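Notes for the one structure printed next.
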Amino acid sequence: MNALILSAIWGVVMMFSGIFTKSGAAIRGIAITGLALLLVVNVLDFQGTALVDINTRGMLVYNTFSYMFLNIVFGATLLYFFLSGSDMERVGLHLAEYFALIFFILAGISIVASFQTLLMLFLGIEIISIPLYILTGSDKRNLKSNEAALKYFLMGSFSTGLMLMGIALIYGSKGSFSLETIGAGTGVITPLLGGGMLLLLASMSFKVSAAPFHFWTPDVYDGAPTVFTSFMATIVKVAGFFAFIRLFETSFGSVQAQWQLFAAIITAATLLIGNITAVFQQSVKRMLAYSSIAQAGFMMFALVSLNGKGSEGLIYYAAAYSLATIGVFAVLIKLNDYTFEGFNGLGKSHPLLAATVTICLLSLAGIPATAGFMAKFYMLSAAVENGKVIWLVILGVLCAAISVYYYFRVIQAIYFKDGEPQVAEVSTTFKVVMVLIAVLVVYFGIFPQRLTDFLYMVY
Amino acid sequence: MQIGLTHILVLSATLFFIGVYGFLTRKNLISMLMSIELMLNSANLNFIAFNKYVWPNKLEGLFFTLFIIAIAAAEAAVAMAIIIQVYRQFKSVDVDEPTIMKE
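Chains as they are written, first to last, in this note's numbering: chain A, 4 to 462; chain B, 989 to 1091.
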């Protein structure tokens, strides 16, 4: 709760800071301070010492999963600010406003991590989406950025329309927006409720870019300024998943048998389309866009299996995927050339960057001893525990094997091809944070319980 | 003839599908924006009708409508900004123009 309030206030602070100072370093400093405060406040809240306590009348309910998820989100955003904060200045003149929009998105994520009514779900998703449309189009002189913003806006608001119609139908059949009231009496699905549920399924699939509602993703991620793609493809995407699973677990968990097949088909399609199309990409940025679709397929396993292991796995996946992808994007931003050839010879000219980015890529591919492997392991074992979708597990393993191809293409370019990569100036902080990310990725890969233990810690 | 729940639901469903149809077939960005507004407002109609006829004891549906109106306004503001920017860059508000990212 405190994190939600503070992030909204800090967004306004950031907007005003843009009036008083033009110095990029100062603005970054304010943003990083704000984010560190957010993290502290959230951890305090987690331990039971709330700074302000507001009665939300059951609309927002924070449990350990929400707190843990928010800790991961704020931690990942902090690393992202350290890595890519200085690159935002290259997008345009309005540095303070970009940070303000990111803080507003974080406020939306705090809502999405804790909503207990459909009203809050709608508000949270919109508070995330609207600033993102602006960030996507923030490179105003760039045609690609404009096109991406346009596509993102059209697809996003279309899916909002679907979601609202879904909520209206559910309200018609249940008379309440509370997830628990909706979940309580749902033994049988009436046509009204079923229609609403399907519309919600479709619109949430839009938001997390699951196939067949993924077609906006590559263009938007490719067109948006790369610093913001990094944020969009990681933190915002896992927040969407968190909302998706919280919604379906609480309100439609009791009728899972009736929609599990739908979810399984969406998962299978997402895995196949994401992985197979990624193989054919020439630009690393676009490859990462498809890889984010492919990883979304793995996160969908939590929805299909819908058990404790799945939710645990989602928290874990959020950390593993965000860390690794933020690392890869941070290095990509520093390069001039976004094709695979742009990475040629990076291993010789920048050994440290090359090593850290390689660890991130290994993690994304799911090689053992990295966090990505354990994350995939959690997801697949959740589906095995569920027992009804073994075919999906087999497909998941096959797709993980396909994904090795396109991640290793980058590694191959880094180490086994000669070239003179053009890399922008890299600061010491950047290197330290990259090493930190690589260490975290390996650490969580070897000791996965260090992350999930927090979920069962009682303060 | 008494106007009942069914009439309003039919009206809102019609509006919703006009919106979907318009969104999928129109090429002009302003028309597409209008189609999206139609979809949002048909959901509004549904909320109010369900509130009045099916669950008349609480005002939840009405409040949801207020939120939708506010959010739709915010969304339209961002949409107009994006459309104006697209017009400046591409000299057209046709959705077929900005297609430089075709594979």
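In this text, a Cβ means the ideal position worked out from N, Cα and C, and glycines have one as well.
The structure presented is a predicted model; accordingly, all values stated were derived computationally and were not measured.
Item                                                                                                                                                                          : Value
Take A:Leu338 as the anchor and find which of A:Arg60, A:Thr24, A:Asp90, A:Leu365 has the nearest alpha-carbon.                                                               : A:Asp90
Is A:Leu458 helix, strand or coil by DSSP?                                                                                                                                    : helix
Quick one: what's A:Leu364 bridged to in DSSP?                                                                                                                                : Partner(s): none; A:Leu364 has no beta bridge.
Please identify the residue among B:Val1066, B:Ile1071, B:Gly1010, B:Ile1072 whose C-alpha is closest to the C-alpha of A:Ser132.                                             : B:Val1066
What's the gap between the Cα of A:Ile405 and the Cα of A:Ala323?                                                                                                             : 19 angstroms
Straight-line CA distance for A:Lys147 to A:Gln415?                                                                                                                           : 29 angstroms
Give the interface partners of A:Phe450 over in chain B, defined as CB-CB distance under 7 angstroms, in chain order.                                                         : Neighbours of A:Phe450 on chain B: none; closest Cβ ~42 angstroms, over 7 angstroms.
Looking at C-alpha atoms only, which residue of A:Lys391, A:Pro215, A:Ala271, A:Ile440 is the closest neighbour of A:Ser366?                                                  : A:Ile440
Drop a sphere of 10 angstroms on the beta-carbon of A:Leu135, count the other beta-carbons inside from all chains shown, and report buried for 16 or more, exposed for fewer. : buried
Tell me which same chain residues have a C-beta within less than 6 angstroms of the C-beta of B:Phe1052, skipping the five on either side of it?                              : Phe1035
Give the DSSP-derived three-state secondary structure of A:Val396 in the structure shown.                                                                                     : helix
Suppose the cutoff is 6 angstroms on Cβ atoms and the five residues either side in sequence are ignored; what does the same chain contact list for B:Gln1077 look like?       : none
Are the segment 1024-1039 of chain B and the segment 1050-1064 of chain B touching, with three or more C-beta to C-beta distances below 8 angstroms?                          : yes
Anything in chain B within Cβ reach of A:Ile133, meaning under 7 angstroms, just list it in chain order.                                                                      : Ala1062, Glu1063, Val1066
In three-state terms, what does DSSP make of A:Thr120?                                                                                                                        : strand
Using 10 angstroms around the beta-carbon of A:Ala386, count the other beta-carbons present and answer buried if the total reaches 16, otherwise exposed.                     : buried
Between the C-alpha atoms of A:Leu275 and B:Asn1039, what's the straight-line distance to the nearest angstrom?                                                               : 43 angstroms
Between B:Gln1073 and chain A, is any beta-carbon pair separated by less than 8 angstroms?                                                                                    : yes
Which residue marks the beginning of the alpha helix (DSSP H) containing A:His97, and which one marks its end?                                                                : Looking at the DSSP string, A:His97 is not in any alpha helix (DSSP H), and its letter there is neither H nor E.
Once DSSP output is grouped into helix, strand and coil, what is the label at B:Met1027?                                                                                      : helix
Examine chain B for any beta-carbon lying closer than 8 angstroms to the beta-carbon of A:Ala158, and answer yes or no.                                                       : Residue identity check: residue 158 of chain A is Met in the sequence provided, not Ala. False, the Cβ-Cβ gap to chain B never drops below 8 angstroms.
Name, please, each residue of chain B whose Cβ falls closer than 8 angstroms to the Cβ of A:Glu183.                                                                           : None at all; the shortest Cβ gap to chain B is about 15 angstroms.
According to DSSP, which residues form a beta bridge with A:Leu63?                                                                                                            : A:Phe118
Would you please state the rounded distance, in angstroms, between the beta carbons of B:Ile1094 and A:Gly140? I believe it to be under 8 angstroms.                          : With chain B covering only 989 through 1091, there is no way to say anything about residue 1094 of chain B.
Alpha carbon to alpha carbon, how far is A:Tyr462 from A:Thr80?                                                                                                               : Note that A:Tyr462 scores 47 on pLDDT, short of 50, meaning its location in the model is unreliable; the coordinates nonetheless yield the value given after this. Looking at the two C-alpha atoms, the distance is approximately 26 angstroms.
Would you check if the segment 22-30 of chain A and the segment 46-62 of chain A touch, i.e. whether three or more CB-CB distances between them fall below 8 angstroms?       : no
As a quick exercise: from A:Gly88, A:Lys379, A:Phe283, pick the residue whose alpha carbon is nearest that of A:Val471.                                                       : Because chain A in this structure spans residues 4 to 462, residue 471 of chain A falls outside the shown range and cannot be described.
Taking Cβ-Cβ distances shorter than 8 angstroms, what residues in chain B pair up with A:Phe180?                                                                              : Glu1048, Phe1052
Within 8 angstroms (strictly less), CB to CB, does A:Leu40 reach chain B?                                                                                                     : no
Can you tell me where the alpha helix (DSSP H) holding A:Gln298 begins and where it ends?                                                                                     : 287-308
Work out the CA separation of B:Met1020 and A:Gly348 for me, nearest whole Å.                                                                                                 : 47 angstroms
Is A:Tyr320 near A:Met382, with beta carbons less than 8 angstroms apart?                                                                                                     : yes
By how many angstroms is the C-alpha of B:Gly992 removed from the C-alpha of B:Glu1048?                                                                                       : 20 angstroms
Excluding the 5 residues flanking A:Ala242 on each side, which residues of the same chain have their C-beta closer than 6 angstroms to its C-beta?                            : Ile112, Val115
With H, G and I counted as helix, E and B as strand and the rest as coil, what does DSSP make of B:Asn1016?                                                                   : strand
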